[in-house]
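Numbering (my numbering), first residue to last: 199 to 594.
Working notes, structure below.
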Amino acid sequence: MDDSSIGVRIRRFRGKALTQRQLADQAGVSVDLVRKLEQGGRQTASIASLQKLARALDVDISDLVGKRHGIPSGNPDAGIVAIRRALTPVDDLLGEVPEEEAVSLDDGRRAVDYAWGAYWAGRYELLTTILPANLTQLRATVHAARNGSVAPANELLARMCWVTGCTLVHLGQTDPAFLAIRQALTAAERGNDPLLLATIRGSVAWQLLVQGRYDESRRVALRAATELEPAGEVPHAHLSAYGSLVLQGATASGRAQDVPEALSLIEAAGEVALRIGADRQDYETYFGPSQVVMQTVDVNVSSERYSEALAAAKEMPPNSGLPQASRARHLADTAVALTRTGQHQRALDALLNAERVGGVDWIKYQSLPRHIVSELLDHDRRVPLRAFARRIGVNT
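Right, dumping it as structure tokens:
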């Protein structure tokens, strides 16, 4: 069995402290699942089951699925360590003046827009090279801001901290990611844009979801939605922010296996999407009919309702407004449902499409396609699948 498999990690973390049955009992999963994972009979499980196992083992789910990444480059000013350093400066404790100079608001906007463009294109390695300097420069811009420039400077810093947090999540670095999003929230509170503040709260909820803190994720998202609930006619950007928060609450409910609430919230978000009438991007966030379909599939996959997931996937608009990374993730979710319903060739086709859409930089940092391929290899050893498996780092 592959030394990097989930089963090996479960056995390693379990050690001598827990038997397989004790782990299963504490996690609330079947001992058969634990046994098959450790013996290699299964290569993965549902997101909910993996999160329960991680919690029972007292580890982060990123450690369990092997998702943490560094970006070796030989450049001390780039990579995960450099981002951590930029997020936790100690110049004030050393009595030193930061070397980076403030940038103009226009230059700051261009830097923020470029970073978010790279993020939605799945260019995580590129982001690790530009985020450290950008964070430091925008922090200097905030310190230098006076009068009318204070709020917009803080809003730019908020957006840069936000994209930093999102990038770190995809690299499996959940602790510095949460530090970054909390810094984004603090900066947004010093700005003057309630929609930006609300949307960043939605990203806090997303990070809580990634950490397996489903109830807190749902509560954070829905409280922010309640505070933003539209009364009468409001701009589409307001509706988009509100609908996105409701959808985030739905996703958290789905991960917590509260399917009725999740579907009810999805229905509410769908009504908002119909009111808007098209996919939109506001405040670095996408919302509209396509996003509603995507999250409906996610909810059904996470609750192992695979036929319902496939039925929902058929509703994706032909000219979807989803960004590149989201379209690729949706295809991976669809591949899970296809695999679990025995449609192995279609599952491989979906994964190959996800690779094409997301690109090599995106798929390199995605654990879900690797787990699906490991399952598919139990049913298909033909050349196309084996070649794809090798490309994404799955032993054949």
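For each residue, glycine too, the CB sits at the ideal point set by N, CA and C.
Identify the continuous beta strand (DSSP E) that holds residue i and give its terminal residues.
i           : result
residue 479 : 478–480
residue 384 : Residue 384 -> not in any beta strand (DSSP E); alpha helix (DSSP H) instead, spanning 372–387.
residue 440 : Per DSSP, residue 440 belongs to no beta strand (DSSP E); it is in the alpha helix (DSSP H), 434–453.
Name the residue from the options whose alpha carbon lies nearest to the alpha carbon of residue i.
i           : options            : result
residue 288 : 337, 329, 380      : 337
residue 421 : 390, 448, 565      : 448
residue 203 : 242, 223, 438, 227 : 242
residue 409 : 251, 427, 218, 472 : 251
residue 224 : 256, 483, 487, 236 : 256
residue 487 : 476, 417, 480      : 476
residue 344 : 379, 302, 332      : 302
residue 213 : 228, 236, 226, 258 : 236
residue 436 : 418, 215, 551, 392 : 392
residue 328 : 500, 578, 273      : 273
residue 504 : 530, 538, 452      : 538
residue 525 : 561, 509, 536      : 561
residue 406 : 249, 349, 210      : 249
residue 283 : 342, 326, 316      : 326
residue 568 : 581, 579, 592, 552 : 592
residue 207 : 240, 419, 261, 217 : 261
residue 485 : 446, 460, 462      : 446
residue 460 : 339, 498, 210, 430 : 498
Could you check how far apart the C-beta atoms of residue i and residue j are, in whole angstroms? I think they sit under 8 Å.
i           : j           : result
residue 360 : residue 382 : 4 Å
residue 318 : residue 515 : Not a contact, Cβ separation roughly 18 Å.
residue 364 : residue 401 : 7 Å
residue 373 : residue 330 : About 17 Å; that fails the 8 Å criterion.
residue 434 : residue 474 : 5 Å
residue 570 : residue 549 : 6 Å
residue 333 : residue 285 : 7 Å
residue 455 : residue 246 : 6 Å
residue 500 : residue 452 : 5 Å
residue 219 : residue 227 : Actually they do not touch by this definition, with Cβ atoms about 11 Å apart.
residue 259 : residue 369 : Actually they do not touch by this definition, with Cβ atoms about 14 Å apart.
residue 587 : residue 564 : Actually they are not in contact, since the Cβ atoms of residue 587 and residue 564 sit about 14 Å apart, beyond 8 Å.
residue 310 : residue 253 : Not quite, the Cβ-Cβ distance comes to about 35 Å (not below 8 Å), so this is no contact.
Starting from residue i, trace the alpha helix (DSSP H) both ways and give me its first and last residue.
i           : result
residue 326 : 322–342
residue 361 : 348–368
residue 568 : 565–574
residue 242 : Where residue 242 is concerned, there is no enclosing alpha helix (DSSP H), given that its DSSP letter is neither H nor E.
residue 151 : Residue coverage of the chain in this structure runs from 199 to 594, which leaves residue 151 outside it and unanswerable.
residue 528 : 522–538
residue 405 : 392–408
residue 310 : 303–318
residue 415 : 412–426
residue 279 : 278–285
Run through the DSSP bridge pairs and tell me what residue i is partnered with.
i           : result
residue 483 : 480
Can we count residue i as close to the ligand NAD, meaning its CB is less than 7 Å from some heavy atom?
i           : result
residue 542 : The ligand NAD is not part of the structure shown, which contains no ligands of any sort.
Touch test, the segment 393–413 against the segment 433–445, Cβ-Cβ under 8 Å, three pairs minimum: yes
I want to know whether the segment 489–500 touches the segment 464–471 - three or more CB-CB distances under 8 Å. yes
Is the segment 571–579 close to the segment 531–550, with three or more CB pairs under 8 Å? yes
Contact between the segment 320–329 and the segment 555–568 (3+ Cβ pairs under 8 Å): yes
Check whether the segment 385–394 touches the segment 349–356, taking contact to mean three or more Cβ pairs, one atom from each stretch, closer than 8 Å. yes
Could you tell me whether the segment 476–485 touches the segment 501–520, where touching means 3 or more Cβ pairs closer than 8 Å? yes
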